[in-house]
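Single-structure report; data block below.
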Amino acid sequence: MIRVDGRTLRCADVVTAARTEGPLDIDVSIAALRAAEHAWKLAGELSTRRRVYGRTTGVGANKDDTVESSKEHGLRLLRSHAGGSGDAMPPGQVRAMMLIRLNQLLAGRSGISPELIGALAEAVRTGALPLVHRLGAIGTGDLAPLAETALALTGERPWRHGHVPPVPVHAGDALAFMSSNAATLAEATLAAMRLDTLTRASHAVAALTYVALDGNPEAYATPVHEARPHAGQVACAAEMRRLLGMHQTPKPGRRIQDPFGLRAFPQVQGPALDAIHYLRDVLAVEINASTENPMISTVHGDAYHHAHFHTAYVSTALDQARATVHQVAELSVARLGDLVEPEFTGLRPFLAAGPPGSSGVMILEYVAHDALTELRQAALPATLGTAVVSRGIEDHASFSTQAARAATAACQAYQQVLGCELVAAVRALRMREADLLDLPVRDAFEAASAVLDGSVDDRPLTDDIAAAVGVLDRLARI
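Under the working numbering, think of the first position of the sequence shown as 140, with each following residue one higher.
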């Protein structure tokens with residue numbers, strides 16, 4: 140059961156919601172509902188005695204236009220902003236978006252009506268999915284997808300799956316519902332958690348390659364990393380020591396110094412671990428944050444106009460995570476190059492086993508470099524651009540939405556890179572009949588061996604790569 144109270148939603152809960160097709164077991168806090176209702180009543184009262192953006196005024200450059208606070212004004216806002224375009228948003232992202240938005244509303248500072256909160260909670264609980272389009276945000280509020288969601292709850296727009304009884308839009312509900320980056324946070328959270336899984340799996344993949352190449356253990360030694368104790372680097376080195384059974388002084392490797400793919404792994408993996416940890420911390424704050432502008436404060440009995448819709452924390456954290464993961468992927472491709480080189484393995488070129496001229500796993504390098512190029516494009520910073528919209532009033536954008544989409548693309552590319560390395564590492568270990576008996580990484584070898592074809596004949600490796608990608612989640616838990 141997922142607790143939804145506006146304070147304690149976890150990134151893991153968002154992943155659970157995205158993966159759950161159908162009803163979702165949620166526990167909606169009664170106290171949070173009461174607090175949200177209190178804020179709704181206060182917002183209505185404030186609208187009778189002061190100007191409140193989006194309730195008694197227009198929005199954007201229309202902020203100085205006085206309007207009547209009514210459900211008609213709210214419906215006009217929702218209809219005009221429900222202009223999303225492009226492909227339909229993936230169902231998992233929609234489910235995650237709805238859970239995040241429900242949790243944010245239960246923080247009790249939006250001033251939204253209890254009926255709309257209740258309808259959204261019912262949609263989340265029953266697994267009903269509105270038809271939401273992918274395009275329509277630049278990191279300053281997911282206006283289009285959230286407007287489409289709100290209109291589905293009112294019965295004006297279609298449902299992609301299931302439905303809930305329509306509810307009316309009350310005065311002030313429109314902007315209160317749209318004033319969030321829930322769709323962007325959903326995609327960012329799913330990508331962050333996937334990157335976390337892939338970086339954990341990459342320890343096992345690198346460890347298998349280390350054994351196949353008879354790596355030098357000095358690069359992971361405790362004294363080395365105590366001398367420059369960055370948190371992620373120290374954690375990576377410790378994990379490699381664990382997987383490789385380095386409890387005491389291990390025997391020397393074949394070389395005095397390994398190539399960077401092995402030797403510099405902690406120094407390159409470390410920044411990625413730190414960046415993903417920071418990204419998860421940022422998202423943990425955001426999915427429990429009150430971002431509605433204006434914010435209705437029952438504690439102070441007033442409304443506050445602000446800029447919590449701006450997501451610079453999210454966009455910059457995503458940019459950093461993608462950039463550091465790209466560097467780690469470069470090392471994976473470098474290790475793959477070492478695995479096909481007889482000088483490092485003592486085996487035939489490309490781990491071939493057929494007649495002279497056999498290609499073995501030669502194609503893996505091409506696939507891995509292709510995927511790495513896609514990852515490189517996805518790693519380009521989204522935060523270097525900006526936008527000036529709404530007649531110059533909104534003169535900056537974070538582009539966190541685009542940064543989150545790039546993170547999704549980075550995940551897809553990185554797992555292909557790791558899959559290629561894993562296929563080659565397992566083949567090399569099989570051909571060498573390496574002794575993994577007393578090493579914890581043996582579990583990773585056995586998990587991968589169970590799904591990878593044992594044939595070393597020249598043949599298509601498409602299914603092998605797919606199987607390797609499919610086992611990464613298990614390797615992350617070893």
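We treat Cβ as the ideally placed atom computed from N, Cα and C, and that holds for glycine.
Apart from the five residues just before and just after residue i, which ones in its own chain have a Cβ nearer than 8 angstroms to its Cβ?
i           : result
residue 151 : 332
residue 281 : 236, 275, 317, 319, 320, 321, 322, 323, 540
residue 256 : 172, 175, 241, 244, 245
residue 375 : 342, 404, 405, 408, 409, 412
residue 532 : 199, 200, 202
residue 575 : 350, 568, 581, 584
residue 296 : 221, 269, 270, 287, 290
residue 330 : 457, 543, 546, 547, 549, 550
When the Cα atoms are used, what is the spatial distance from residue i to residue j?
i           : j           : result
residue 612 : residue 478 : 23 angstroms
residue 190 : residue 212 : 15 angstroms
residue 176 : residue 249 : 10 angstroms
residue 192 : residue 411 : 41 angstroms
residue 605 : residue 264 : 34 angstroms
residue 140 : residue 146 : 16 angstroms
residue 592 : residue 572 : 16 angstroms
residue 202 : residue 510 : 47 angstroms
residue 590 : residue 448 : 46 angstroms
residue 232 : residue 485 : 47 angstroms
residue 597 : residue 491 : 8 angstroms
residue 431 : residue 155 : 25 angstroms
residue 239 : residue 527 : 28 angstroms
residue 399 : residue 356 : 13 angstroms
residue 346 : residue 302 : 49 angstroms
residue 508 : residue 362 : 35 angstroms
residue 166 : residue 291 : 23 angstroms
residue 364 : residue 377 : 9 angstroms
residue 351 : residue 359 : 17 angstroms
residue 234 : residue 158 : 8 angstroms
residue 423 : residue 182 : 27 angstroms
residue 488 : residue 278 : 49 angstroms
residue 254 : residue 144 : 17 angstroms
residue 195 : residue 369 : 52 angstroms
residue 468 : residue 312 : 46 angstroms
residue 142 : residue 336 : 24 angstroms
residue 149 : residue 481 : 47 angstroms
residue 381 : residue 419 : 25 angstroms
residue 98  : residue 516 : Outside the displayed range of the chain (140 to 617) lies residue 98, so it cannot be described from this structure.
residue 607 : residue 164 : 33 angstroms
residue 168 : residue 554 : 38 angstroms
residue 273 : residue 386 : 50 angstroms
residue 594 : residue 570 : 11 angstroms
residue 427 : residue 390 : 50 angstroms
Given a cut-off of 8 angstroms on the beta-carbon distance, is the pair residue i and residue j in contact?
i           : j           : result
residue 328 : residue 307 : no
residue 429 : residue 246 : yes
residue 300 : residue 262 : no
residue 514 : residue 552 : yes
residue 417 : residue 456 : yes
residue 521 : residue 538 : yes
residue 186 : residue 208 : yes
residue 298 : residue 259 : no
residue 314 : residue 349 : no
residue 421 : residue 472 : no
residue 587 : residue 565 : yes
residue 286 : residue 220 : yes
residue 222 : residue 170 : no
residue 530 : residue 326 : no
Suppose the cutoff is 7 angstroms on Cβ atoms and the five residues either side in sequence are ignored; what does the same chain contact list for residue i look like?
i           : result
residue 367 : none
residue 503 : 475, 559, 562, 563, 600
residue 414 : 459, 460, 463
residue 493 : 596, 597
residue 162 : 264, 265, 266
residue 523 : none
residue 603 : 562, 591, 592
Considering only residues of the same chain and omitting the five flanking positions on each side of residue i, which have a CB-CB separation below 6 angstroms?
i           : result
residue 98  : As shown, the chain starts at 140 and ends at 617. That puts residue 98 outside it, with no answer to give.
residue 339 : 615
residue 354 : 392, 397, 401
residue 617 : 343, 582, 583
residue 442 : 185, 191, 433, 435
residue 501 : 489
Pop quiz: residue i and residue j are said to be a contact at Cβ under 8 angstroms. What is the actual Cβ separation, rounded to whole angstroms?
i           : j           : result
residue 525 : residue 536 : 6 angstroms
Any 3 or more C-beta pairs closer than 8 angstroms across the segment 578-591 and the segment 491-498: With contact defined as three or more Cβ pairs closer than 8 angstroms, the segment 578-591 and the segment 491-498 are not in contact.
Stretch-stretch touch, CB-based, cutoff 8 angstroms, three pairs: the segment 219-236 with the segment 554-574: With a cut-off of 8 angstroms, the segment 554-574 and the segment 219-236 do not count as touching, because too few Cβ pairs lie within range.
Three or more C-beta pairs below 8 angstroms linking the segment 167-181 and the segment 435-446: Pairwise C-beta distances place the segment 167-181 in contact with the segment 435-446, as three or more of them are shorter than 8 angstroms.
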